[in-house]
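Chains as they are written, first to last, in this note's numbering: chain Z, 1 to 347; chain X, 1001 to 1314; chain D, 2001 to 2256. This report refers to the structure that appears directly beneath it.
Here it is, written out as structure tokens:
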């Protein structure tokens, strides 16, 4: 018997996390034209920040000496399993702390990384961010305090103290949806404002924007701050959802998963990002659910999935580069002023 | 002493590889104005052409593998252009869209190869996910330098000399340069641009694939990630050449090979830095290049550099 | 009349090519000055030097700031704009995926809604936005383009695109407007219409223009002073009639 409710909950949770990523990438790349091929850097940074903060602090606040029993150690993992679900206040406090710290640090990382690259063309921007992601992975693989290749496990979840597992899942889904709604409102407001207009102008023609007094590098750095901050938040949600992180979760292909979403949904259209995320994560979840029933196959569904993602990007760009939902004009009070004039003039 | 000798050999060996992988990248960008991120696949597919020839067909003749790999990767590059890049450019897509499409291609090819290795493994029960060094029959071995060094020298020499002859001494080469300098003017003056562009892709793709074959005689364990693992270095080398100058790309190949191999040897000896941190040196070099000598106007950038000296700066 | 812009002995070399070789000129307040010359004579290079895209190899560019002339060479293009110099391009550079209205609204400086935090608080910028929109509407009316307000740039005709680029610059009160072939590629009567607008703006609002134009017969009707560039040097200057009858100018144009 297939667990339909479980499927829907897990799909919606993954959809929520990926939607935050796709919305923020849409702001950076769809609206402002910064070719961010390193989305996974900030996503991974957020996940590792949540994992590190939560595991270490849970142990420390419970009086465990982390120099002797670090969280990546087997004893640490066992202890985390025992301690993690005891104190609701601590669990929720760590969640809030992780979200805030991840936003600030991931955002700052985006802002700093923009310095060497924002003055050069999109190819260099994309490539540098892509490489940085790979380097971060190499670093994490060798950095013992965050578990090296094994990563961190048994991360205490915000709702670990809830006894019923279905209730826990629903509560977490509620949290993810809440964060998604906040992200949507913030990015929607940014896009539909004079700032959003300037971002689109920079995307369309940097030289002209420069000649109209816009400090193009600064504007792009700002956008990378916001976009990376939200990607960090998505990473936090992922770490708690999976309760473990390891370096091999954050391969460059993850970035292109998100790219596939915004290209499919329509670059520059926020609702499109949600649609794109829904479609891609649905296919992903179905494959994950179906795989165990298939048994051992010569062609792994996991590889097939990435081929589909890549083909999706290429085919949509060739057939319908505007995506399912094309970009809409920016909604500001200026539209009302003009429609009053046009209406008044004709009738 | 032994360490130093090995470091020097490695530097030379890697310089050959970076040269063979980067020169085509610079040449293809210069002629077609497409930043091809699927470049990494060409390296991998070249190497795996040799590996499949060896593992499935039992052939270990490098000259044959090189020719086959040249044809395979050259054709892939042409296919990319005909099916993806040209249609996008015809639609008037900006260069960054073409670049994103090449990213999509990169993922497709990457995981198609994984699928191919699984299938090959299913039929031969050999492990293609990490393939041991291939010893070739037609390359001198035994005494003196390794097969890879001999083959690397040969492929680098052949690449440089044949490209020089092609670009400087033939009509086709002049046509390629004309298209690179001014595509519109070239077309008006009767140069068959489509043909020239496709030919460029074929030659560039082919050279990279041939270089990939040499890799199989060098690396003790070739994986489907081989191209990806070198893409940082290959692109950085081309960026040293500003994506325009072949000569500076060549210099870049030597520079990056030296920075990596000598640098990591020093850091490893004196500070115990793990050898796998080698790419960090390349990345630092890349950032330094981008800050100190930003390739203005290349790859769709502003043809303008913000000045920091400034009266009334902001 | 005081000078708004003063270019003093400016030179710009590209390798061995002297794109500008010691050019000096002045644009007086409320002037409508033409800049002509054969292809490759350095007109656009001069615009690029004035607007900060190139740093001159020699010489100074000065702009009026109340009673003083201050140097603006060496500033970044966005800083030159803030000092009050607006330019258009020979090949129009509009924001193609934006509507006509949005294109105009990009221009004004000091928009509150451009700040990251204030953009989130609609109330903090919506008043200013309405004000700017009314200004845009007024300009669009003046150029008979109001009905295109919500059209995308990609749907406009060449003439409207050229006109829109000029109007976009007018959204901000500038000391000097540099127009690079504002009527290139449009038919004769539209070109005249455009120059009539420019003249009107000069006469009614006291704006200052420096205009590059290829079609001398149109330009000469509207401008009050002309500079002629040839091979990076100033060949001639004066009132339109004087310049047209200058044998050096005639020779340069026929020779080219």
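Ideal placement from N, C-alpha and C gives every residue a C-beta, glycine not left out. Here the structure is a predicted model, which means the values were calculated and not measured.
Around residue 12/Z, the same chain offers 173 as residues with beta carbons nearer than 6 Å, after the five sequence neighbours per side are excluded. The beta carbon of residue 1024/X sits closer than 6 Å to those of 1204, 1207 and 1208, all from its chain and outside the five residues before and after it, given in chain order.
The shortest CA-to-CA distance from residue 143/Z to any of 25/Z, 271/Z and 247/Z is the one to 247/Z.
Residues of the same chain with a CB within less than 6 Å of the CB of residue 301/Z, apart from the 5 flanking positions on each side, are 287 and 291 in chain order. Around residue 270/Z, the same chain offers 23, 26, 184, 187, 188 and 191 as residues with beta carbons nearer than 8 Å, after the five sequence neighbours per side are excluded.
A buried status is given to residue 2019/D, since no fewer than 16 other beta-carbon atoms sit within 10 Å of its beta-carbon. Across the set 2128/D, 2160/D, 2086/D and 2234/D, the C-alpha of 2086/D shows the shortest separation from the C-alpha of residue 207/Z. Excluding residues up to 5 positions away in sequence, 17 and 47 lie with their Cβ nearer than 6 Å to the Cβ of residue 238/Z in the same chain.
Pairing residue 268/Z with residue 336/Z gives a Cβ-Cβ distance that is not under 8 Å. Under the DSSP definition of a beta bridge, residue 2008/D partners with 2060/D. Apart from the 5 residues on each side of it in sequence, residue 2218/D sits with its Cβ closer than 8 Å to the Cβ of 2183, 2188, 2191, 2192 and 2195 in its chain, given in chain order. Within the same chain, and ignoring the five residues on either side of residue 2064/D in sequence, the residues whose Cβ sits closer than 6 Å to its Cβ are 2004. For residue 1033/X, the CB contacts under 7 Å within the same chain, skipping 5 residues up- and downstream, are 1095 in chain order.
Residues of the region 30-62 of chain Z with a Cβ closer than 9 Å to any Cβ of chain X, in chain order: 33, 35 and 37. In the DSSP assignment, residue 1283/X falls within the alpha helix (DSSP H) that extends over 1278-1292. Selection 2153/D, 2186/D, 2082/D and 2070/D evaluated against residue 2095/D yields 2153/D as nearest (Cα-Cα). Chain Z has a Cβ within less than 8 Å of the Cβ of residue 1115/X. The beta carbon of residue 2016/D does not come within 8 Å of any beta carbon belonging to chain Z, so the residue lies off that interface. Taking 7 Å as the upper bound on Cβ-Cβ separation, chain Z lies near no residue of the region 1017-1028 of chain X. Contact between residue 2231/D and residue 2041/D holds, since their C-beta atoms are separated by about 6 Å, short of 8 Å. If the five residues before and after residue 38/Z are omitted, its C-beta is found closer than 7 Å to the C-beta atoms of 129, 130, 132, 133 and 255, all from its own chain and listed in chain order.
Around residue 1248/X, the same chain offers 1240, 1241 and 1242 as residues with beta carbons nearer than 7 Å, after the five sequence neighbours per side are excluded.
The distance from the Cβ of residue 1275/X to that of residue 1066/X is about 29 Å, inconsistent with a contact at the 8 Å cut-off. DSSP places residue 1034/X outside both helix and strand once states are collapsed to three, so it counts as coil.
Counted as a single uninterrupted DSSP element, the alpha helix (DSSP H) harbouring residue 2140/D occupies residues 2122-2142. The beta carbon of residue 188/Z does not come within 8 Å of any beta carbon belonging to chain D, so the residue lies off that interface. Taking one beta carbon from each stretch, the region 1186-1204 of chain X and the region 1143-1152 of chain X have fewer than 3 pairs nearer than 8 Å; the two do not touch. Assigned with DSSP and collapsed to three states, residue 37/Z falls in coil, not helix or strand. Against residue 1156/X, chain Z offers no close residue; the least beta-carbon distance is about 24 Å (beta-carbon pairs closer than 8 Å). If you draw a straight line from the Cα of residue 96/Z to the Cα of residue 84/Z, it comes to about 16 Å. Around the CB of residue 152/Z, 16 or more other CB atoms lie within 10 Å, so the residue is classed as buried. Beta bridge pairing from DSSP links residue 1151/X with no other residue. Residue range 2077-2083 is occupied by the alpha helix (DSSP H) that includes residue 2079/D. By alpha-carbon distance to residue 266/Z, the top candidate from 1105/X, 1210/X and 1097/X is 1097/X. For residue 2113/D, at least one C-beta of chain Z is nearer than 8 Å to its own C-beta. For residue 65/Z, same chain residues with a beta-carbon under 8 Å away, outside a window of 5 residues either side, do not exist.
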